[in-house]
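Engineer:
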Amino acid sequence: MKADEVKLWFTYSLAAIIIVGGGAMLFVSRGEANTDFALLIAGFIGSATMFVFNRESATQATRAAQSSAEQGAAQALTPPPVPEAG
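Start counting the sequence shown at 32; every next residue gets the next number (the working numbering).
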């Protein structure tokens, strides 16, 4: 497995654990009269999931930009073809 695949699996596993754990906490606390706890847990789930996916998106965007820059540099260093005289 490449490092990117490991990070991808880690990201989605972490998000699944956060969502399932938060959902379980919401299910257990459904009988409480105070809704502040449910709002707190829902906010935590959203914040944690956004953090995980935003970090992964930023990593992929950085890699794409680096790859694009390398391709542009390679094309700039390649001399243009010389037309044949004739």
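We treat Cβ as the ideally placed atom computed from N, Cα and C, and that holds for glycine. Since the structure is predicted, the reported quantities are computational estimates derived from the model, not experimental observations.
1. With a threshold of 16 other CB atoms inside 10 Å of the CB of Ile48, please say whether the residue is buried or exposed.
2. For Ile72, which of Val59, Arg86, Phe84 has the nearest alpha-carbon?
3. The alpha helix (DSSP H) that contains Lys33, what's its start and end?
Structural biologist: Once the coordinates are examined:
1. exposed
2. For the residues Val59, Arg86, Phe84, the minimum Cα distance to Ile72 belongs to Val59.
3. Secondary structure note for Lys33: it is in no alpha helix (DSSP H), with a DSSP letter that is neither H nor E.
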